[in-house]
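Each residue of the sequence shown is one higher than the one before, starting from 455 at the first, in our numbering. Backbone N, C-alpha and C fix where the C-beta goes; we use that ideal spot for every residue, glycine too. Following: one structure in structure tokens, then a few remarks.
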Amino acid sequence: MITPLRIAIQKSGRLQEDSLKLLKESGLHFSNGKDQLKTQARNFPIELLFLRDDDIPQYVEDQVADAGIVGENVLIEKQKKNELVKRLDFAKCRLSIAVPRSENYTGISYLQGKNIATSYPVIVQQFLDKHGIQAGIHEISGSVEIAPGIGLADAICDIVSTGSTLLSNGLKEVETVIQSEAVLIATPNLPSDKKQILDKLIFRINAVQSAKNNKYILLNCPNEAIEKITSVIPGMKSPTIMPLSRTGWSSLHSVVDENDFWEKIDLLKSFGAEGILVIPIEKMIA
Ligand code: ATP
Ligand code: ZN
Numbered sequence: 455m456i457t458p459l460r461i462a463i464q465k466s467g468r469l470q471e472d473s474l475k476l477l478k479e480s481g482l483h484f485s486n487g488k489d490q491l492k493t494q495a496r497n498f499p500i501e502l503l504f505l506r507d508d509d510i511p512q513y514v515e516d517q518v519a520d521a522g523i524v525g526e527n528v529l530i531e532k533q534k535k536n537e538l539v540k541r542l543d544f545a546k547c548r549l550s551i552a553v554p555r556s557e558n559y560t561g562i563s564y565l566q567g568k569n570i571a572t573s574y575p576v577i578v579q580q581f582l583d584k585h586g587i588q589a590g591i592h593e594i595s596g597s598v599e600i601a602p603g604i605g606l607a608d609a610i611c612d613i614v615s616t617g618s619t620l621l622s623n624g625l626k627e628v629e630t631v632i633q634s635e636a637v638l639i640a641t642p643n644l645p646s647d648k649k650q651i652l653d654k655l656i657f658r659i660n661a662v663q664s665a666k667n668n669k670y671i672l673l674n675c676p677n678e679a680i681e682k683i684t685s686v687i688p689g690m691k692s693p694t695i696m697p698l699s700r701t702g703w704s705s706l707h708s709v710v711d712e713n714d715f716w717e718k719i720d721l722l723k724s725f726g727a728e729g730i731l732v733i734p735i736e737k738m739i740a
């Protein structure tokens, strides 16, 4: 009997859905009962614990959970014995300082002697120390953005993704304190059986992530263009090339990075590529 790896994920909130989605895309099947405290994957030695995100670093330090998924912001704030194992590319946001829109903000020295409301006192203190600023930190657990309006603080430090909450509270973003995304964390020095399970999971997550960042591409081209086209889309090892029944033409299959996709398409067309098809990839293992 293998001891399952216990992974803590958020019970409800912004991280929950994408955490479950990533694990499912990694091939894990769960009986998805809502309001459960924990659930065991049917086909993989992994057990999920559903917890408040703020509590996850502590549970991982105490080895009640072996691993967890939290925002990097929570990981840094909690200062627990957690190892950052992998960035997960979702729940991207930043922690920023904001001040009332009417203020004439000229730079960080503006914050000297001011009061900052935040749910992230550790991160704010680190930021102030780095810039040699002395300011008061007023810790509040929610609705931070109303603090200046009710006279509780001069500035705030909170999570921003689009900035619309700041705007509707009469605030403007003036400093980015940290960038954050969801991360997989684990207790340092996992026993080797659990480490093996974690490594298998990481391998699968890598396959899911590379698939998302790449597309499968098929095109027809005159044979003279094959060399030039291959230099643009070399693929994983090299492209697959098959002759078309029309003499002098080939079909070329390869993989293209999502990020410079459109520039490459333009280039391929200029080399004579026709009938270009682009298809999503589900998993990609190099
Ligand atoms: P809990 O009840 O578990 O304590 P919470 O209210 O603290 O939940 P959520 O609002 O669900 O937390 O946010 C969880 C994490 O998602 C945050 O710590 C942050 O990393 C990320 N996050 C928060 N807001 C956003 C946003 N607007 N865009 C992207 N990611 C975000
Ligand atoms: Zn929380």
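Notebook entry, point to check: What distance in whole Å lies between the Cβ atoms of glutamine 470 and aspartate 543, which are believed to be in contact at a cut-off of 8 angstroms?
Noted result: Within the sequence shown, the letter at position 89 stands for residue 543. Within the sequence shown, the letter at position 16 stands for residue 470. The C-beta distance from aspartate 543 to glutamine 470 rounds to 16 angstroms, too long to meet the 8 angstroms contact threshold.
Unbroken stretches of the beta strand (DSSP E), 3 residues or longer, contained in the stretch 476–513
Taking only runs of at least 3 residues, the beta strand (DSSP E) segments lying wholly in the stretch 476–513 are 492–494, 500–505.
Hey, leucine 503 and arginine 460: beta-carbon distance below 8 angstroms or not?
-> Position 49 of the sequence shown, counted from the start, is the residue given in the question as residue 503. Position 6 of the sequence shown, counted from the start, is the residue given in the question as residue 460. Yes, these two residues count as a Cβ contact at 8 angstroms.
message = I'd like to confirm something about aspartate 472: is its beta-carbon nearer than 7 angstroms to some heavy atom of the ligand ZN, or not?
response = The residue you call residue 472 lines up with position 18 of the sequence shown. With a cut-off of 7 angstroms, the C-beta of aspartate 472 is classified as distant from the ligand ZN, since no heavy atom of the ligand falls inside that distance.
Whole-number beta carbon distance between isoleucine 613 and asparagine 527, since they are thought to touch under 8 angstroms: Along the sequence shown, read from residue 1 onward, the residue named residue 527 stands at position 73. Along the sequence shown, read from residue 1 onward, the residue named residue 613 stands at position 159. Isoleucine 613 and asparagine 527 do touch by the CB rule: their CB atoms are close to 7 angstroms apart, below 8 angstroms.
> Hey, would you say leucine 722 sits closer than 8 angstroms to valine 686, going by beta carbons?
Replying inline: As a working mapping, residue 722 is identified with position 268 in the sequence shown. As a working mapping, residue 686 is identified with position 232 in the sequence shown. Valine 686 is positioned such that its CB atom lies closer than 8 angstroms to that of leucine 722.
Checklist entry - So which residues put a beta carbon under 5 angstroms from any heavy atom of the ligand ZN, going in chain order? => result Residues flagged by the Cβ proximity filter: Asp507, Asp508.
inquiry  = Quick check: the Cα distance between leucine 400 and proline 693, rounded to an integer number of angstroms?
reply    = Missing from the structure shown is residue 400; the chain here goes from 455 to 740 and no further.
Note to self: Across the stretch 590–610 and the stretch 563–570, are there enough close Cβ pairs to call them in contact, namely three or more that are closer than 8 angstroms?
What the structure shows: With a cut-off of 8 angstroms, the stretch 563–570 and the stretch 590–610 count as touching, because enough Cβ pairs lie within range.
Going straight from the alpha carbon of serine 708 to that of alanine 661, what length do you get?
The residue you call residue 708 lines up with position 254 of the sequence shown. The residue you call residue 661 lines up with position 207 of the sequence shown. When rounded, the distance between both Cα atoms is 17 angstroms.
Margin query: Can you find the residues in the same chain that come closer than 7 angstroms, C-beta to C-beta, to glutamate 479, ignoring five residues on each side of it along the sequence?
Written below: Here residue 479 is taken as the residue at index 25 of the sequence shown, counted from 1. Excluding residues within five positions, the ones whose Cβ falls inside 7 angstroms are Val662.
- prompt: Taking DSSP as the reference, what is the three-state secondary structure of leucine 582?
  reply: As a first step, residue 582 is located in the sequence shown; it is residue number 128 there, counting from the start. Leucine 582: helix per DSSP, three-state reduction.
- Task: State the Cα-Cα distance for the pair leucine 638 and serine 597, rounded to the nearest angstrom.
- Result: Within the sequence shown, numbered from 1, the residue matching residue 638 stands at position 184. Within the sequence shown, numbered from 1, the residue matching residue 597 stands at position 143. A direct Cα-to-Cα measurement between leucine 638 and serine 597 gives close to 27 angstroms.
Self-check item: Nearest residue (CA-CA) to glutamate 501, options Glu537, Ile683, Leu655
Solution: For the purposes of this step, residue 501 is taken as residue 47 along the sequence shown, with counting starting at 1. Checking every option, the nearest Cα to that of glutamate 501 belongs to Leu655.
- Can glutamine 517 and threonine 616 be called in contact, C-beta distance under 8 angstroms? Your numbering for residue 517 matches position 63 in the sequence shown. Your numbering for residue 616 matches position 162 in the sequence shown. Not closer than 8 angstroms, so no.
Which term fits glutamine 464, buried or exposed, when burial requires 16 or more other beta carbons within 10 angstroms of its beta carbon? Walking along the sequence shown from the start, residue 464 turns up at place 10. Using a 10 angstroms sphere on the CB of glutamine 464, the tally of other CB atoms reaches 16 or more, which defines it as buried.
Neighbourhood of isoleucine 530 by C-beta, 7 angstroms cutoff - its chain only, sequence neighbours within 5 removed = Reading the sequence shown from its first residue, position 76 is the one you call residue 530. Answer for isoleucine 530: Ile577, Ile632, listed in chain order.
Review point. Could you give the distance in angstroms between the alpha-carbon of valine 514 and the alpha-carbon of aspartate 711?
Key: Against the sequence shown, residue 514 aligns to sequence position 60. Against the sequence shown, residue 711 aligns to sequence position 257. So the two alpha carbons sit approximately 35 angstroms from each other.
* To do: Find out if the Cβ-Cβ distance for the pair serine 805, glycine 525 is shorter than 8 angstroms.
  => This structure leaves residue 805 out entirely; the chain is present only between 455 and 740.
Handout entry: Beta-carbon contacts of glutamine 533 that lie in its chain and below 7 angstroms, excluding the five residues immediately before and after
Key = Counted from its first residue, the sequence shown places residue 533 at position 79. Once the five neighbours on either side are set aside, the close Cβ partners of glutamine 533 are Val576.
**Identity of the residue in Asn497, Ser473, Phe581 nearest phenylalanine 484 by Cα** = Translated into the one-based positions of the sequence shown, residue 484 becomes position 30. Closest option to phenylalanine 484, Cα to Cα, is Asn497.
**Prompt:** Which value, in whole angstroms, describes the spacing of the CA atoms of glutamine 491 and alanine 462?
**Reply:** Taking the first residue of the sequence shown as 1, we reach residue 491 at position 37. Taking the first residue of the sequence shown as 1, we reach residue 462 at position 8. Note that residue 491 corresponds to leucine in the displayed sequence, not to glutamine. When rounded, the distance between both Cα atoms is 10 angstroms.
(message) Looking only at its chain, what residues have a beta carbon closer than 6 angstroms to the beta carbon of isoleucine 733, apart from the 5 residues adjacent to it on each side?
(response) Mapped onto the sequence shown, residue 733 falls at position 279. Answer for isoleucine 733: Tyr670, listed in chain order.
Exercise. Helix, strand or coil for aspartate 653, going by three-state DSSP, please let me know.
Key: Residue numbering aside, residue 653 sits at position 199 when the sequence shown is read from its first letter. Helix, per DSSP.
*Beta-bridge pairing of arginine 460 - partner residues as DSSP gives them*: One-based indexing of the sequence shown puts residue 460 at position 6. According to DSSP, arginine 460 bridges with Glu501.
request  = Run the CB neighbour count on phenylalanine 715, radius 10 Å, all protein chains shown included, and call it buried at 16 or more, exposed below.
outcome  = The residue labelled residue 715 in the question sits at position 261 within the sequence shown. So phenylalanine 715 ends up on the exposed side.
| Three-state secondary structure (DSSP) at proline 575? | On the sequence shown, residue 575 is found 121 positions in, with the first residue counted as 1. Note: proline 575 maps to helix in three-state DSSP.
TODO: Kindly examine the ligand ATP and report whether one of its heavy atoms sits closer than 7 angstroms to the Cβ of serine 634.
DONE: The residue given as residue 634 occupies position 180 in the sequence shown. For serine 634, the CB falls within less than 7 angstroms of some heavy atom of the ligand ATP.
Practice task
Could you check if asparagine 677 is buried or exposed, using at least 16 other CB atoms within 10 Å of its CB as the buried criterion?
Solution key: For this step, residue 677 is matched to residue 223 along the sequence shown. Result: exposed.
Practice task
Determine the DSSP secondary structure at serine 563, reduced to helix, strand or coil.
Solution key: Here residue 563 refers to the residue found at position 109 when the sequence shown is read from its first residue. Here serine 563 sits in helix by DSSP.
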